[in-house]
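Counting in our numbering, the sequence shown tops out at residue 701, every number present.
Backbone N, C-alpha and C define an ideal beta-carbon position, used for all residues, glycine too.
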Amino acid sequence: MYTYPKNFLSITQLIQKLKDTGMTIDSNDTAEIALTTIGYYRLKGYSFHLIDPSTKKYIEGISLSDILRLYRFDSELSDLLFSYLSQIEVALKSQLVNAFQITHDALVLNDPSVFKDKKTFWKNQSTIASEISRSNDVFIEHNFDNHDGAIPIWAAVEVMSFGTISKTIKNMKTGSNTAFSELIKNYKFKNSNGRDINPSKDMFTSWIQAVSIMRNICAHNSRIYNRSISTRPQLIYSDVIHPHPRYNGLYQIMLSIKYLRPTEDSWTAFITDFKQLLNNYSDVCDIRRLNFPSDWESHF
Numbered sequence: 402m403y404t405y406p407k408n409f410l411s412i413t414q415l416i417q418k419l420k421d422t423g424m425t426i427d428s429n430d431t432a433e434i435a436l437t438t439i440g441y442y443r444l445k446g447y448s449f450h451l452i453d454p455s456t457k458k459y460i461e462g463i464s465l466s467d468i469l470r471l472y473r474f475d476s477e478l479s480d481l482l483f484s485y486l487s488q489i490e491v492a493l494k495s496q497l498v499n500a501f502q503i504t505h506d507a508l509v510l511n512d513p514s515v516f517k518d519k520k521t522f523w524k525n526q527s528t529i530a531s532e533i534s535r536s537n538d539v540f541i542e543h544n545f546d547n548h549d550g551a552i553p554i555w556a557a558v559e560v561m562s563f564g565t566i567s568k569t570i571k572n573m574k575t576g577s578n579t580a581f582s583e584l585i586k587n588y589k590f591k592n593s594n595g596r597d598i599n600p601s602k603d604m605f606t607s608w609i610q611a612v613s614i615m616r617n618i619c620a621h622n623s624r625i626y627n628r629s630i631s632t633r634p635q636l637i638y639s640d641v642i643h644p645h646p647r648y649n650g651l652y653q654i655m656l657s658i659k660y661l662r663p664t665e666d667s668w669t670a671f672i673t674d675f676k677q678l679l680n681n682y683s684d685v686c687d688i689r690r691l692n693f694p695s696d697w698e699s700h701f
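Here's what the structure looks like:
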């Protein structure tokens, strides 16, 4: 068995380590509470960009208070995003059910002819079946008891995860008079000529994947600030950063959120809260660490 070369450090030792690397700590008691309730490793993630690589010490003037404020900003940002992403998920499920009405089949999720790749269909069926079987919701039990276990799409989507919804949409057949063509009518955007157009399937599913990834990040209390996010949503041309950034961050995700917004009013309320949050933490938050361009407000 591999022996890890580093040993555990006590809270007292960790505080001293921070001081030795140049961080200002005004109160050992505050530091002890922070390291006990948040953790050294988690907090360090908010300070990597504040370390001088040549000296491996913190830039002069950096304090634990700064790092704690960044942590609080990130935590509040995560809560704000998760709340709005939940609205998007609920709306998307409703739109998906409405779109499948074109098939006139309540059990359409069980019909492989509606989906493009049959192997993917059966893999997804297994996941959906597992999610249904784990549910204790009254409407699922009702169908078990009264409809021989058949679960209509409007009940099934309510217990399907965002990831399963994403895979289901990605495997839908395209073309005129399909459920997918009905679905994307709700997500039109204006092209460079000012005309309303539907997103392509690749574009639309890239938005959903980006939103799904961000939802998981928020749900697991993972860091958002100063983070590269491993997804590349296809952006509307007017929103693309030139030159292209080396990595994707919250900016690209936020645009996907905008494209999938349930209503204009909900987006306006969300972005107002987002701007207020940035203002509240303007002393420590660098918008560039979220991969935002200088003219970001014009895109939102």
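Practice prompt. Go ahead and pull the three-state DSSP assignment for Asp427.
Written response: Taking the sequence shown and counting its residues from 1, one reaches residue 427 at position 26. Residue state, collapsed to three classes: coil.
Practice prompt. For Asp453, name the three-state secondary structure that DSSP assigns.
Written response: One-based indexing of the sequence shown puts residue 453 at position 52. Asp453: strand per DSSP, three-state reduction.
Discussion item. Looking at the secondary structure, which residues open and close the alpha helix (DSSP H) in which Ala776 lies?
Written reply: No answer is possible for residue 776: it lies beyond the span of the chain, which begins at 402 and ends at 701.
Item to complete: With DSSP as the reference, please indicate the residues paired to Phe590 in a beta bridge.
Response: As a first step, residue 590 must be located in the sequence shown, where it is residue number 189. Partner(s): Ile598.
Worksheet item: Can you name the residues that DSSP bridges to Lys458?
Response: Mapped onto the sequence shown, residue 458 falls at position 57. According to DSSP, which records beta bridges pairwise, Lys458 is partnered with Asp453.
Worksheet entry | Rounded C-alpha distance that separates Ser487 from Asp421 | Residue numbering aside, residue 487 sits at position 86 when the sequence shown is read from its first letter. Residue numbering aside, residue 421 sits at position 20 when the sequence shown is read from its first letter. The alpha-carbon atoms of Ser487 and Asp421 are separated by roughly 43 Å.
Practice prompt. Report the residue ranges of all alpha helix (DSSP H) runs contained in full by the stretch 543-582; include only those spanning at least 4 residues, in chain order.
Written response: 554-560, 563-571
Worksheet item: Do Asn649 and Thr664 have their CB atoms nearer than 8 Å?
Response: To locate residue 649, count along the sequence shown from 1; it is residue 248. To locate residue 664, count along the sequence shown from 1; it is residue 263. Contact: no.
Worksheet item: Are there three or more Cβ pairs, one per stretch, closer than 8 Å when the stretch 571-588 is compared with the stretch 625-641?
Response: No, because fewer than three Cβ pairs between the stretch 571-588 and the stretch 625-641 fall closer than 8 Å, the two stretches do not touch.
Discussion item. Along the chain, where does the alpha helix (DSSP H) containing Leu678 start, and where does it finish?
Written reply: Working through the sequence shown from its first residue, we reach residue 678 at position 277. Segment 665-681, the alpha helix (DSSP H) holding Leu678.
Worksheet item: When the Cα of Thr413 is compared with those of Pro406, Tyr405, Gly440, which residue comes out closest?
Response: Stepping through the sequence shown from its first residue, residue 413 is reached at position 12. The shortest C-alpha separation from Thr413 is found at Gly440.
Worksheet item: So, is Arg616 buried or exposed, given that buried needs 16 or more other C-beta atoms within 10 angstroms?
Response: Here residue 616 refers to the residue found at position 215 when the sequence shown is read from its first residue. With 16 or more other Cβ atoms within 10 Å, it is buried.
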